[in-house]
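Enquirer: Read left to right, the sequence shown gives residues 1 to 217 (the numbering used here). Yeah, the Cβ is synthetic: ideal placement off N, Cα and C, and Gly gets one too. Encoded as structure tokens, here's the structure I'll be asking about.
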Amino acid sequence: MSAPSGRAADRAHAYLREEILQGRITPGTMLSESELGARLSMSRTPIRAALTRLQDEGWVTIYPQRGALVREVSEQEVWESAVVRHALESAGVQRSTASLRAPLEESLKANLAAQRDARADNDFGAFTTLAMRFHRGFVEMAGNAVMLSVYDRLQDQQALSIVRSSGTITGDPEQVLGEHRRLLDDALRGDWVAFSTHLDDHQTRSHGLETGSVRRG
């Protein structure tokens, strides 16, 4: 693939990914290379590359000669994604050191304060975005770019499931805030065992997802 075609494929991928994440392209939609090419003023080559990448990421299923079908995220996939996010956040705290945690302390505390403000303003969209960034911070504590890359992909799936449901995270915001404070305290102490236990409690109570050693149902 030439460099210009590669850049076009990146633009097409970014556009389609955002349209899917924001719910503007819905599950069950069949995406046509020719129609997308006309919409984005591109040839079919970068469109095909973008759709192949989206299929690799789990967003679409390609049917030769027909197009790419936008997939639904199943309840099982939501649960499995939550289990892996739990493992990555816990591992982030476990593998952190005081020197890795220190630069993140201020930003995580600022994020928590912003969550309180968003809750007071009843801005649940902002609250949801802040909460997702907050959880990402625990993975950042490991200083491992590969872990972050995997986590970001899983958070895309989480964001998509949120958009396709209520548009915000589930659970009472006040309860979520309290649990976030406890998680931050655990993480800043480097107590990954307490963190992992409290994270499981948090995902179970606030989000209805049991992600510990025993699967729900």
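#1: Compute the Euclidean distance between the alpha carbons of L154 and L104, then round it to the nearest angstrom.
#2: Less than 7 angstroms between C-beta atoms, sequence neighbours within five positions excluded: which residues of the same chain meet that for E57?
#3: Short of 7 angstroms in beta carbon distance, which residues of its chain neighbour L130, apart from the five on each side in sequence? Order them along the chain.
#4: Could you compute how far the alpha carbon of F158 sits from the alpha carbon of Q65?
#5: Quick check: G67 and L31, are their CB atoms within less than 8 angstroms of each other?
#6: So what does DSSP say about M30, is it helix, strand or coil?
#7: Going by DSSP in three states, G6 sits in which element: helix, strand or coil?
#8: Quick check on DSSP: helix, strand or coil for G190?
#9: Rounded to the nearest angstrom, what separates L199 and A102 at their Cα positions?
#10: Looking at the unbroken beta strand (DSSP E) that takes in T61, where does it start and where does it end?
#11: Rank L160, T197, A187 by C-alpha distance to the C-alpha of L21 and give the top, closest one.
#12: I'd like the ranges of any alpha helix (DSSP H) spanning at least 4 consecutive residues and lying wholly in the region 117 to 186.
#13: Does DSSP put A12 in a helix, in a strand, or in coil?
#14: With a threshold of 8 angstroms, are at least 3 pairs of Cβ atoms found where one atom belongs to the region 79 to 86 and the other to the region 32 to 44?
#15: In this structure, how does DSSP classify V70 when only helix, strand and coil are distinguished?
#16: On the CB-based measure, 16 or more other CB atoms within 10 Å of its CB, does V193 come out buried or exposed?
#17: Tell me which residue opens and which closes the alpha helix (DSSP H) that T45 is part of.
#18: Kindly examine the ligand PLP and report whether one of its heavy atoms sits closer than 7 angstroms to the Cβ of Y63.
#19: Just to check my reading of the structure: E89 and F138 have Cβ atoms closer than 8 angstroms, yes? What is that Cβ distance to the nearest angstrom?
#20: Go ahead and pull the three-state DSSP assignment for Q94.
#21: Look up G37 in the DSSP assignment and say whether it is helix, strand or coil.
#22: Taking the alpha-carbon positions, what's the S2 to P46 distance?
Expert: According to the structure data:
#1: Between the C-alpha atoms of L154 and L104 there is a straight-line separation of about 21 angstroms.
#2: Cβ within range, chain order: R153.
#3: Apart from the 5 residues on each side of it in sequence, L130 sits with its Cβ closer than 7 angstroms to the Cβ of N111, A114, Q115, A118 in its chain, given in chain order.
#4: Correcting the residue identity first, residue 158 is Gln in this sequence and not Phe. Each residue's Cα considered, the two are about 31 angstroms apart.
#5: The answer is yes: Cβ separation under 8 angstroms.
#6: Strand.
#7: G6: helix per DSSP, three-state reduction.
#8: If DSSP states are grouped into helix, strand and coil, G190 belongs with coil.
#9: Their backbone Cα atoms lie some 21 angstroms apart in a straight line.
#10: Per DSSP, T61 belongs to the beta strand (DSSP E) from 60 to 63.
#11: In terms of Cα proximity to L21, the closest of L160, T197, A187 is L160.
#12: Taking 4 residues as the shortest admissible run, the region 117 to 186 contains the following complete alpha helix (DSSP H) segments, listed from N- to C-terminal end: 124 to 140, 145 to 163.
#13: Of the three classes helix, strand and coil, the one that applies to A12 here is helix, per DSSP.
#14: In this structure the region 79 to 86 does not touch the region 32 to 44; the number of beta carbon pairs closer than 8 angstroms is below three.
#15: Reduced to three states, the DSSP call for V70 is strand.
#16: Looking at its Cβ environment, which holds fewer than 16 other Cβ atoms inside 10 Å, V193 is exposed.
#17: It spans 44 to 56 - the alpha helix (DSSP H) in which T45 sits, taken as one unbroken run.
#18: Absence of the ligand PLP from the depicted structure is noted, as is the absence of any ligand whatsoever, leaving it without description.
#19: Yes, they are in contact, since the Cβ atoms of E89 and F138 sit about 4 angstroms apart, within 8 angstroms.
#20: It is helical.
#21: In this structure, G37 counts as helix in the three-state DSSP scheme.
#22: The predicted position of S2 is uncertain, since its pLDDT is 46 and thus under 50; no value can be drawn from it.
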